[in-house]
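*Asks:* Pasting a structure here, questions to come.
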Amino acid sequence: MHEMSIALAVVGQVEDAARSHGHTAVESVALRVGELAGVVPDALRFCFELACENTLLAGATLLTQQVPGRASCAPCGSDWDTGLPPQLCCPCCGGAAGGLLSGRELEIAEVRWADAGAATACQEV
Amino acid sequence: MCRAADLQTAVLAKNDEGARDLRARMAARGTALVNLMSSPGSGKTALLEAELGLARERGLAVAALTADLATENDARRLARSGVPVRQVLTDGLCHLETDMLGRHLDGWPEQDVRLLFVENVGNLVCPASYDLGESLRVVLASVTEGEDKPLKYPTAFGLAHLVVVTKNDIAEAVEFDREAFLGHVRQVNPGVEVVFTSARSGEGAGLLLDRALAVADGAAPHRPVMATATVALVEDGHAHAHAFGLGHGHPHAHAHPHPHDPADAHDGAHDGAPAAAR
């Protein structure tokens, strides 16, 4: 189970961003998790709570947005839901998909700070 | 008020950055790193033992680093080949990460090698998510594990540059359905080469070494669909593709309004989009 390593990586990234901008508390972290990212959102939520303990993320909520796997085939002009296990051959011509349109995301989409006052200016993160 | 920050940050960005640095560090030493992954007991160590022995016979400079949760048994076995071998104990961690690996490569091996084999922790789930700066990612499956292994572990098989079937000498005895296995590999990673080996009979001996050397000499490894991002089809009917590293990335969300040569594909790791605040 590598979800703990991933949860710790999320906490580390958010801590870095908080430090750069003087934030001291986090309300929520939104993650985009692709269907083909090899990560189990439930396991990640469990680990996230533990990983947040004794950090400025303590008490923060983890929101996960699932992103479906989509693949495309340029010669056929087609795209399709890959499903899981993924079907990465084109349903029209049977050839290899040209690539994925989505599904491998494992990204922090948004962080909501719990301490933001009126004085906080928008900054480049 | 700035309550929310749109970070657009890949969670494993630090690992991926470390992997890029390690790949560059290895390239500067003329070394290609080969990442070997499989379930526990599928024969990574036996295969590697044979390949290291062959490399030594051929006078090829290689080294191997083997990762396990505990025991130095594998390092002892591999060391019999006479090439430099190092054991990494992960103390319970189920996979190798780049910084962990990088620490073990400070000043080791003492002599520069052409190929450095990294035997990952026996596990087909977690190691698949971590780019270790390898030039060649190899996934092994033994004939005893069932033909549907590639479907059960699509991330591992889907991101492989090479699939090695092991213990093929007993394929018949365990009624291994070769065609079904190949079909399942094709579903998750069309175009990837599958080679059949047996450390016991010697079938396929040297194939891993040959494929690794080809990549070390500059041949482009197979590009898995799962490691290739495309944007939605543009008006002239073709998709624009580029590789995004072995780790996690995301395709560009914007369509390219200008025409591209269909062969125009960017290689190299894909960086996460720059972070922005609002």
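Taken in order, these protein sequences are the chains called A and B.
Start counting at 1 in the first sequence, then tack on 905, and there's your number in the working numbering.
Start counting at 1 in the second sequence, then tack on 276, and there's your number in the working numbering.
From the three backbone atoms N, C-alpha and C, an ideal C-beta is built for every residue, glycine too.
With DSSP as the reference, identify every bridge partner of residue 1017(A), one or two as the case may be.
*Replies:* Residue 1017(A) is bridged to 933(A) and 280(B).
*Asks:* Alpha carbon to alpha carbon, how far is residue 528(B) from residue 505(B)?
*Replies:* Any reading at residue 528(B) needs caution, since the residue's pLDDT is 39, under 50, leaving its predicted position unreliable; the model's value is listed next. One Cα belongs to residue 528(B), the other to residue 505(B), and the distance between them is close to 8 Å.
*Asks:* Measure from the C-beta of residue 466(B) to each C-beta in chain A and report whether the shortest distance is under 8 Å.
*Replies:* yes
*Asks:* Which same chain residues end up closer than 8 Å to residue 390(B) when comparing Cβ atoms and leaving out the 5 residues on each side of it in sequence?
*Replies:* In its chain, beyond the 5 residues on either side, 306, 307, 308, 336, 337, 338, 489 and 492 have a beta carbon closer than 8 Å to the beta carbon of residue 390(B).
*Asks:* Have a look at 1015(A), 998(A), 991(A) and 962(A) and flag the residue whose alpha-carbon is nearest the alpha-carbon of residue 1005(A).
*Replies:* 991(A)
*Asks:* Which residue or residues does DSSP assign as beta-bridge partners of residue 923(A)?
*Replies:* Paired residues: none, contrary to the question.
*Asks:* Can you look up residue 340(B) in the DSSP assignment and give me helix, strand or coil?
*Replies:* strand
*Asks:* If I'm right that residue 987(A) touches residue 974(A) with Cβ under 8 Å, what's the distance once you round it to whole angstroms?
*Replies:* 4 Å
*Asks:* Do you know how far the Cα of residue 942(A) is from the Cα of residue 405(B)?
*Replies:* 8 Å
*Asks:* I'd like to check one pair, residue 331(B) with residue 485(B): are the Cβ atoms closer than 8 Å?
*Replies:* yes
*Asks:* In or out: residue 299(B) buried (at least 16 other Cβ within 10 Å) or exposed?
*Replies:* buried
*Asks:* Run down chain B in chain order and give the residues with a C-beta less than 9 Å from the C-beta of residue 992(A).
*Replies:* 463 and 464
*Asks:* Could you check whether residue 353(B) and residue 325(B) sit closer than 8 Å to each other, using their CB atoms as the reference points?
*Replies:* yes
*Asks:* Applying the criterion that 16 or more other CB atoms from any shown protein chain within 10 Å of the CB defines a buried residue, is residue 292(B) buried or exposed?
*Replies:* Classification for residue 292(B): buried.
*Asks:* Between which two residues does the alpha helix (DSSP H) harbouring residue 954(A) extend?
*Replies:* 946-957
*Asks:* Between residue 970(A) and chain B, is any beta-carbon pair separated by less than 8 Å?
*Replies:* no
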